[in-house]
Amino acid sequence: MLIEYLPWYTETEKHRHDVRPGLTGWAQVNGRNTVNWDRRFELDVEYVNNISFRFDLKIFLMTIQKVIKRSDIAEDTRIVEGNFADIRKKKVKIEKKEF
């Protein structure tokens, strides 16, 4: 993730940085770029809260399956996911208007 995104994390989402990044992850095997940012961060935090060798093995095996099947591939991620900081800025503006 880009450094410019750090101010836009919620307190819960910041916990995704409690572990070192890897080659794959729970969010990657559950939709990767086809799920929205909020869901992707939920999955990252779910991993952090449930980290174990068994969980890592499950992710590893699911990654192999995804690669072989070539599933959840987005050729142009800008269309699918959008810029995280821009999305959060819009969300904050909407939440402020609701008050």
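Residue numbers for the sequence shown follow my numbering, beginning at -12 and rising by one.
The C-beta atom is built at its ideal place from N, Cα and C for all residues, glycine as well.
For Leu30, the enclosing alpha helix (DSSP H) starts and ends at Trp24 to Asn36. The same chain holds no residue with a CB closer than 6 Å to that of Tyr(-4) once the five nearest residues on each side in sequence are set aside.
The straight-line gap separating the alpha-carbon atoms of Arg26 and Gln15 is approximately 11 Å. For Thr50, the three-state secondary structure derived from DSSP is helix.
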